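Here is the structure we will look at, set down as structure tokens.
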Amino acid sequence: MKQLINLELEEDLEAPIGISKEEYESLIRKSKRIGEEREAYRKMLKTYVPMTGFKVPENPRILNLGCGLCHEAIVLSGYFGGKPFGFDSKDVFVVGIDINEKKIEGARKSYSSIEFEDGKIKYHPRENYQFICGDAIRLRDLVDGEFDIVVARHPNLIDQKDVWIMIFEEANMMTKDKGLFIGSSFTDFEHAYLRECISDAEYFQCLDVKNIHSLYSENLSPHETSYDRNVLFARKW
Ligand SMILES: C[S@@+](CC[C@H](N)C(=O)[O-])C[C@H]1O[C@@H](n2cnc3c(N)ncnc32)[C@H](O)[C@@H]1O
Numbered sequence: 068m069k070q071l072i073n074l075e076l077e078e079d080l081e082a083p084i085g086i087s088k089e090e091y092e093s094l095i096r097k098s099k100r101i102g103e104e105r106e107a108y109r110k111m112l113k114t115y116v117p118m119t120g121f122k123v124p125e126n127p128r129i130l131n132l133g134c135g136l137c138h139e140a141i142v143l144s145g146y147f148g149g150k151p152f153g154f155d156s157k158d159v160f161v162v163g164i165d166i167n168e169k170k171i172e173g174a175r176k177s178y179s180s181i182e183f184e185d186g187k188i189k190y191h192p193r194e195n196y197q198f199i200c201g202d203a204i205r206l207r208d209l210v211d212g213e214f215d216i217v218v219a220r221h222p223n224l225i226d227q228k229d230v231w232i233m234i235f236e237e238a239n240m241m242t243k244d245k246g247l248f249i250g251s252s253f254t255d256f257e258h259a260y261l262r263e264c265i266s267d268a269e270y271f272q273c274l275d276v277k278n279i280h281s282l283y284s285e286n287l288s289p290h291e292t293s294y295d296r297n298v299l300f301a302r303k304w
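Position 118 of the sequence shown, counted from 1, bears residue number 185 in the working numbering, the numbering being contiguous throughout.
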């Protein structure tokens with residue numbers, strides 16, 4: 068992805084013992100970037116979800132397809148659980164699925180409670196998140212129950228459009244009636260594919276926007292990437 072981020076760091080940052088200054092600075096930069104990305108995602112939800120007519124049910128269940136490290140899980144939980152930015156809700160259940168084992172392991176760690184035991188870090192999964200490693204083509208074998216909200220953030224449609232059509236068809240069968248689909252794409256080209264795939268999977272498109280909160284998206288050509296550059300909302304009727 069095009070490098071568009073230049074996060075300023077305070078000059079006198081002191082690295083903790085055992086970490087070099089460079090490693091520490093890189094870690095801080097990464098955290099700041101994730102924070103900015105999450106804030107922008109929240110603004111996107113706040114601006115556009117009300118325009119779809121979707122009414123958030125009690126204890127919403129959210130399925131995130133191709134979730135990767137799932138930075139947005141806390142944002143989805145907080146927004147649909149009626150919490151301020153930076154907080155999640157125990158009343159929202161978020162399930163993420165991805166074929167990449169390393170990414171799923173990363174997501175599991177990020178959304179675990181941490182404890183130090185005998186000088187070692189122990190990760191305890193939290194009840195309101197579940198991360199599944201597997202091919203989402205087999206969604207109904209891997210995931211239980213139905214969902215109010217289905218998310219696909221930046222699905223890699225250019226590489227494997229046919230695979231994603233199958234995934235979206237499966238997801239549609241697991242979406243509750245009146246449920247909401249939220250898909251976003253890095254580029255205008257991918258977004259054109261997303262529209263096609265969502266129609267093929269028989270969701271009904273209700274809002275298709277060039278996201279005004281997308282980070283770093285000004286003056287880009289249709290090939291260049293930017294987070295959640297376009298967002299597509301669809302419903303299951
Ligand atoms: C471009 S990444 C987006 C990741 C994340 N949603 C984000 O926005 O940062 C696409 C993700 O889809 C996952 N993926 C691709 N094919 C998949 C499949 N058949 N089943 C589950 N996940 C898949 C990849 O492993 C990858 O993490």
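Even for Gly, the Cβ is constructed at its ideal location relative to N, Cα and C. If you're wondering where the values come from, they're calculated on a predicted model, not measured in any experiment.
Hey, would you say residue i sits closer than 8 Å to residue j, going by beta carbons?
i: S281; j: Q272; result: no
i: I181; j: I188; result: yes
i: R302; j: Y270; result: yes
i: L31; j: G173; result: This structure cannot speak to residue 31, because the chain is shown only from 68 to 304.
i: K170; j: Y190; result: no
i: A203; j: L132; result: yes
i: L143; j: I129; result: yes
i: P117; j: F147; result: no
i: T292; j: F253; result: yes
i: T154; j: R109; result: With the sequence shown as reference, residue 154 is identified as Phe, and Thr is not the correct amino acid for it. Not in contact: F154 and R109 (Cβ atoms no closer than 8 Å).
i: A259; j: N239; result: no
If you measure from the CB of residue i, is any heavy atom of ligand 1 nearer than 7 Å?
i: D202; result: yes
i: G102; result: no
i: N278; result: no
i: Q197; result: no
i: I265; result: no
i: P83; result: no
i: I164; result: yes
i: H221; result: yes
i: N239; result: no
i: K176; result: no
i: N297; result: no
i: G366; result: Here the chain covers residues 68 to 304 and nothing more, so residue 366 does not appear.
i: V230; result: yes
Residues in the same chain with beta-carbon distance under 7 Å from residue i, minus the five sequence neighbours each way, listed in chain order, please.
i: C264; result: L224, K228, W231, I232 and F235
i: E104; result: H138, L282 and Y294
i: S87; result: none
i: P192; result: R175 and S179
i: Y115; result: L274, V276, V298 and F300
So, for residue i: in the same chain, excluding its five sequence neighbours on each side, which residues have a beta-carbon less than 6 Å away from its beta-carbon?
i: D275; result: L299
i: S251; result: R220, D295 and V298
Quick one: using the 10 Å Cβ neighbour count with 16 as the cut-off for buried, is residue i buried or exposed?
i: P289; result: exposed
i: L94; result: exposed
i: Q70; result: Any reading at Q70 must be qualified, since the residue scores a pLDDT of 35, below 50, and its modelled position is unreliable; the value itself is stated next. Q70 comes out exposed.
i: I84; result: exposed
i: N278; result: buried
i: F183; result: exposed
i: N286; result: exposed
Using a Cβ-Cβ cut-off of 8 Å (strictly less than) and excluding sequence neighbours within five positions of residue i, which residues of its own chain qualify?
i: M241; result: L130, L206, R207, V210, G212, E213, F214 and V217
i: K113; result: Y146
Against chain B, with Cβ distances strictly below 8 Å, would residue i count as a contact?
i: H138; result: The displayed structure is made up of one protein chain only, and chain B is not part of it.
Next on the checklist: Can you confirm whether the stretch 193-211 touches the stretch 157-165 when touching is taken to mean that 3 or more C-beta pairs between the two stretches lie within less than 8 Å?
Outcome noted: yes
Next on the checklist: Contact between the stretch 234-251 and the stretch 202-216 is defined here as three or more beta-carbon pairs at a separation below 8 Å; is this criterion met?
Outcome noted: yes
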